[in-house]
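Peer 1: Can you read through this structure? Questions will come right after.
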Amino acid sequence: MRSLNLNRVSVGILAALFVVAAAWLASERQSPKPISAVEFVRAMETQQTSLIDRYFSQRHDPNARGANDRSLLFTAVLREDQIVARKLLDAGASADLADNAGVTPLMVAAMHGDLELVRAMAGHVTDIAARDRAGHSALYYAVAAQKIEIVDLLLGLTPNLELAYGDSSELLALALGSANTKIAQEILSRLPQLEQWSAGALRALDNCLRAGDRDSVRLLLSKHIPPPTPEGKRVPLLAYAIATDNPPLFTTLLDCGADANTTLPPKYDKEFLDALPSKSFRNYIEDDRDVTCLMLAAGLGRTDYVRALLHAGANRDRASGRYKMIALYFAAELGHWQPAQILLGSGPPPDHLRIEISLASQHMALIKDGVPVLNSTCSTGRDGYSTKRGYFVITDKERNHRSTIYHVDMPYFMRLSCLDFGMHEGVVPNYPASHGCIRLPGETARKLFAEIPIGTVVAVQ
Numbered sequence: 024m025r026s027l028n029l030n031r032v033s034v035g036i037l038a039a040l041f042v043v044a045a046a047w048l049a050s051e052r053q054s055p056k057p058i059s060a061v062e063f064v065r066a067m068e069t070q071q072t073s074l075i076d077r078y079f080s081q082r083h084d085p086n087a088r089g090a091n092d093r094s095l096l097f098t099a100v101l102r103e104d105q106i107v108a109r110k111l112l113d114a115g116a117s118a119d120l121a122d123n124a125g126v127t128p129l130m131v132a133a134m135h136g137d138l139e140l141v142r143a144m145a146g147h148v149t150d151i152a153a154r155d156r157a158g159h160s161a162l163y164y165a166v167a168a169q170k171i172e173i174v175d176l177l178l179g180l181t182p183n184l185e186l187a188y189g190d191s192s193e194l195l196a197l198a199l200g201s202a203n204t205k206i207a208q209e210i211l212s213r214l215p216q217l218e219q220w221s222a223g224a225l226r227a228l229d230n231c232l233r234a235g236d237r238d239s240v241r242l243l244l245s246k247h248i249p250p251p252t253p254e255g256k257r258v259p260l261l262a263y264a265i266a267t268d269n270p271p272l273f274t275t276l277l278d279c280g281a282d283a284n285t286t287l288p289p290k291y292d293k294e295f296l297d298a299l300p301s302k303s304f305r306n307y308i309e310d311d312r313d314v315t316c317l318m319l320a321a322g323l324g325r326t327d328y329v330r331a332l333l334h335a336g337a338n339r340d341r342a343s344g345r346y347k348m349i350a351l352y353f354a355a356e357l358g359h360w361q362p363a364q365i366l367l368g369s370g371p372p373p374d375h376l377r378i379e380i381s382l383a384s385q386h387m388a389l390i391k392d393g394v395p396v397l398n399s400t401c402s403t404g405r406d407g408y409s410t411k412r413g414y415f416v417i418t419d420k421e422r423n424h425r426s427t428i429y430h431v432d433m434p435y436f437m438r439l440s441c442l443d444f445g446m447h448e449g450v451v452p453n454y455p456a457s458h459g460c461i462r463l464p465g466e467t468a469r470k471l472f473a474e475i476p477i478g479t480v481v482a483v484q
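Numbered according to our numbering, the sequence shown spans residues 24 to 484.
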């Protein structure tokens, strides 16, 4: 009886085991086999959508990697499969995962110029400015693909460009290296002002100037604090334009925002000095400091340049560093009456009104509209104190002037070109008798003093 009971128990246990085994086998048949990353990639290649859908339904790792250490998202983006890429992103795939070359899915999308995928991955990236092993970022690849929409998007996603890209040199190089002007301008517009010009920036400026691309010239100038120079030179490009009398270059620079108060450096380029026609002027500016472009133009007698610089905001009252010379002094002392009149802000054209002094005949004539309206004797400098010849302008008048050199009164004094001589009332013996000034009879001096305006040209011949 006991043996029979044991047999019954054994049979029951075996039956139970068979039931469990059958259930396990049934569940194994019903549970699909897990899909590997390699199989997922193959499914993308063969467009097996059912297998791809099973991968997501089974909640497999969206960040799994396949060949070449490439993530599934990387492969989907590389294949430009937006549907699978978006599903992976929705499942939590990271756009930061790089392959063994350091290239991320975001970089791949930028290479392909896929704006929609770049936009879709933007929220799945922790470092928008990440670089691959070649040192390139997604922005670099967007610029290379000439996709301004992606460039704009990536720049907009970077709140602090300098923090993301280090200094601005990388972005500047990107902008200058782009063949697309709009992309270059888009990048440049986001940059802060730079403390110095790189060689690449100077070359780019030169190319833009040659091409007449004023928008890019304007943008490049606005992004640099110091004035540009020719590559490898010290003297600003604006000063070179004045010295070499290059109106197109000068006008373009000034119109595009070059500083009208640009100063020359303490040391000059030999090429710049060689371009100056006067050796004495070269020596003079070399010995002075903080000479401005306005002073340079005035000293060279470049009337149109002086006018343009003043119109652009050049300070006519600014003095040089060592000799305290203003631009008017440069123009007046070097005999350039036209710039002197402009810097004075007044003065009639000489064909309308001028004074002529004849050293040979000791004669003064006031010429109005080509007709002498006042004639008088005068007395100029005697031997050893000869009166300067040339064209001068009356730069200031003083009713009761007293010479600080000779300590004598010089009533109705009319200074010529800011120099140490002028016209005034004095003894007129009908021969040269002064220390260099032009003496006039009292009545003549009073009349000229009262009626002749500042800036009137005086020709001494």
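Where is the CB? At the ideal position from N, CA and C, for every residue including glycine.
So is SER440 buried or exposed if we call it buried at 16+ other beta carbons inside 10 Å?
Peer 2: buried
Peer 1: On the three-pair Cβ rule with 8 Å, is the stretch 371-379 touching the stretch 339-356?
Peer 2: no
Peer 1: Give me the residue from GLY179, THR275, ALA66 with the minimum Cα distance to ASP236.
Peer 2: Of GLY179, THR275, ALA66, the residue nearest in Cα terms is THR275.
Peer 1: Which term fits MET24, buried or exposed, when burial requires 16 or more other beta carbons within 10 angstroms of its beta carbon?
Peer 2: Model confidence at MET24 stands at a pLDDT of 48, short of 50, so the residue's coordinates are unreliable; what they give is reported in the following sentence. Result: exposed.
Peer 1: Have a look at LEU332 and ALA224 and give me their C-alpha separation to the nearest angstrom.
Peer 2: 25 Å
Peer 1: Using the DSSP secondary-structure output, state which residues sit across from PRO395 in a beta bridge.
Peer 2: ILE390
Peer 1: Given that a residue counts as buried once 16 or more other Cβ atoms are within 10 Å of its Cβ, and exposed if not, what is ARG13?
Peer 2: The shown model of the chain, from 24 to 484, leaves out residue 13, and the question about it has no answer.
Peer 1: Indicate whether ILE265 and TYR307 have their beta-carbon atoms separated by less than 7 Å.
Peer 2: no
Peer 1: Would you verify that the beta carbon of GLU103 is, or is not, closer than 7 Å to some beta carbon of chain C?
Peer 2: No chain C is part of this structure, which consists of one protein chain only.
Peer 1: Can you grab the Cα-Cα spacing for the pair LEU177 / ARG226, in whole Å?
Peer 2: 27 Å
Peer 1: Measure the C-alpha to C-alpha separation of SER160 and MET318 and round it to an integer number of angstroms.
Peer 2: 47 Å
Peer 1: Determine the DSSP secondary structure at THR127, reduced to helix, strand or coil.
Peer 2: DSSP places THR127 outside both helix and strand once states are collapsed to three, so it counts as coil.
Peer 1: In the DSSP assignment, what are the bridge partners of VAL416?
Peer 2: VAL480
Peer 1: Have a look at THR403 and LEU463 and give me their C-alpha separation to the nearest angstrom.
Peer 2: Straight-line measurement puts the Cα of LEU463 at about 9 Å from the Cα of THR403.
Peer 1: Which runs of the alpha helix (DSSP H) spanning at least 4 residues fall entirely within the stretch 240-293, listed in chain order?
Peer 2: Within the stretch 240-293, the complete alpha helix (DSSP H) runs of at least 4 residues are 260-266, 270-278.
Peer 1: Answer with buried or exposed for LYS293, where buried requires no fewer than 16 other C-beta atoms within 10 angstroms of its C-beta.
Peer 2: exposed
Peer 1: Given this structure, state the Cα-to-Cα distance separating HIS334 from THR252, to the nearest angstrom.
Peer 2: 23 Å
Peer 1: Which residue wins for smallest C-alpha separation from ILE475, given the options ARG377, CYS401, GLU103?
Peer 2: ARG377
Peer 1: For ALA49 and THR72, what's the separation of their Cα atoms in angstroms?
Peer 2: Unreliable positioning characterises ALA49 in this predicted model, as indicated by a pLDDT of 49, which lies under 50. A coordinate reading is not provided.
Peer 1: Taking the alpha-carbon of GLY146 as reference, which of ARG109, THR267, ILE171, VAL64 has the nearest alpha-carbon?
Peer 2: ARG109
Peer 1: Using a Cβ-Cβ cut-off of 6 Å (strictly less than) and excluding sequence neighbours within five positions of TYR346, which residues of its own chain qualify?
Peer 2: ASP311
Peer 1: Would you mind working out which of SER239, ARG325, ASN183 sits nearest CYS279, comparing C-alpha positions?
Peer 2: SER239
Peer 1: Leaving out five residues on either side along the sequence, give the residues of the same chain with a beta carbon under 7 Å from the beta carbon of ASP392.
Peer 2: The beta carbon of ASP392 lies closer than 7 Å to those of HIS375 in the same chain, with the five residues before and after it left out.
Peer 1: Could you tell me if ALA132 is buried or exposed, where buried requires 16 or more neighbouring beta carbons within 10 angstroms of its beta carbon?
Peer 2: Within 10 angstroms of the beta-carbon of ALA132 lie 16 or more other beta-carbons, which makes it buried.
Peer 1: Within this structure, are the beta carbons of GLN208 and LYS246 separated by less than 7 Å?
Peer 2: no
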